[in-house]
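Undergrad: Mind having a look at this structure? Questions to follow.
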Amino acid sequence: MSKPLKLSLEARATLATDLPAWRMAEGRDAITRRFRFRDFNDAWGFMARVALLAEQQDHHPEWSNVWNRVEILLTTHDAGGLSDRDVALARAIDALLPAEP
Ligand code: HBI
Numbered sequence: 338m339s340k341p342l343k344l345s346l347e348a349r350a351t352l353a354t355d356l357p358a359w360r361m362a363e364g365r366d367a368i369t370r371r372f373r374f375r376d377f378n379d380a381w382g383f384m385a386r387v388a389l390l391a392e393q394q395d396h397h398p399e400w401s402n403v404w405n406r407v408e409i410l411l412t413t414h415d416a417g418g419l420s421d422r423d424v425a426l427a428r429a430i431d432a433l434l435p436a437e438p
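Terminal number for the sequence shown in my numbering: 438, no gaps in between.
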């Protein structure tokens, strides 16, 4: 697999609309999103599904979990910052969640 390139300026300009639930991380070329679930069981089930996505895409999150909360940060270590791999994984993660009512 070729070395990933940093996200283009054009692609960055559409991030806010493409991934409205994500925001730029403080002090890093990365995107981050916080999730809150009913309980730990639901949070863990979500993390298990994200882990499968990460393996399928060979692209892995930096993440933390405290009881029913999960925080995910996506950046591409091989590119030294945001790449299209982060956008793809963020989209796939968002698709795991129930549609907004
Ligand atoms: N995950 N976030 C992230 N960034 C990477 O550069 C990366 C990864 N998972 C696997 C991976 N790279 C492999 O392709 C090797 O480059 C380590």
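Backbone N, C-alpha and C define an ideal beta-carbon position, used for all residues, glycine too.
All values derive from a computational prediction rather than experimental measurement.
(1) Given 7 Å as the limit, tell me if T369 has its C-beta closer than that to any heavy atom belonging to ligand 1.
(2) Could you pull the DSSP bridge partners for K343 from this structure?
(3) Is the distance from the Cβ of N405 to the Cβ of R371 below 8 Å?
(4) Runs of 4 residues minimum, wholly inside the region 342-380: which ones carry the alpha helix (DSSP H) assignment?
(5) Can we count T412 as close to ligand 1, meaning its CB is less than 7 Å from some heavy atom?
(6) Between the alpha carbons of L342 and A416, how many angstroms are there, rounded?
(7) Please go through the same chain and pick out, in chain order, the residues whose beta-carbon is closer than 8 Å to the beta-carbon of R375, but skip the five residues on each side of it.
(8) What three-state label does DSSP hand E437 in the structure shown?
(9) Quick check on M361 - is its C-beta less than 8 Å from some C-beta in chain D?
TA: Per the coordinate set shown:
(1) Position 32 of the sequence shown, counted from the first residue, corresponds to residue 369. In this structure, the C-beta of T369 stays at least 7 Å away from each heavy atom of ligand 1.
(2) For the purposes of this step, residue 343 is taken as the residue at position 6 of the sequence shown. DSSP lists S420 as the beta-bridge partner residues of K343.
(3) Indexing the sequence shown from 1 puts residue 405 at position 68. Indexing the sequence shown from 1 puts residue 371 at position 34. Inclusion of N405 and R371 in the CB contact set at 8 Å is not warranted, their separation being larger than that value.
(4) As far as the region 342-380 is concerned, its whole alpha helix (DSSP H) runs of at least 4 residues are 346-350 and 352-355.
(5) Within the sequence shown, the letter at position 75 stands for residue 412. Yes, the beta carbon of T412 sits closer than 7 Å to at least one heavy atom of ligand 1.
(6) Along the sequence shown, read from residue 1 onward, the residue named residue 342 stands at position 5. Along the sequence shown, read from residue 1 onward, the residue named residue 416 stands at position 79. Looking at the backbone, the Cα of L342 and that of A416 are separated by about 6 Å.
(7) Within the sequence shown, residue 375 is the residue found at index 38, counting from 1. N405.
(8) The residue given as residue 437 occupies position 100 in the sequence shown. DSSP places E437 in coil when its eight states are reduced to three.
(9) Reference to chain D is not applicable here, since this structure consists of a single protein chain.
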